[in-house]
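In this note's numbering, the protein residues as written are 299 to 372. Structure first, then comments.
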């Protein structure tokens, strides 16, 4: 089931929709990188450019992180 989450990016409120498993992994990544979750989401948003949406960018970031970690490169 997809849930809606809210955060503030560069002073503006925004929302994104994710499955709880992806949100849990984002929180784990933020902890591992010693970042607040909002800062991690802001960084991912800044890197995504104008293509795609925030929800997709967050999922792709989690996927990439887990793949790099599985290969020993995170």
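Even glycine gets a Cβ: it sits at the ideal position worked out from N, Cα and C.
Around the C-beta of residue 359, 16 or more other C-beta atoms lie within 10 Å, and the residue is accordingly described as buried.
In this chain, residue 308 is not harboured by any alpha helix (DSSP H), its DSSP state being neither H nor E. In this structure the stretch 300 to 309 lies against the stretch 338 to 353, because at least three pairs of beta carbons, one per stretch, are closer than 8 Å.
Per DSSP, the continuous alpha helix (DSSP H) segment holding residue 362 begins and ends at 352 to 368. Straight through space, the alpha carbons of residue 370 and residue 348 are spaced by roughly 30 Å.
For residue 329, the enclosing alpha helix (DSSP H) stretches over residues 318 to 330.
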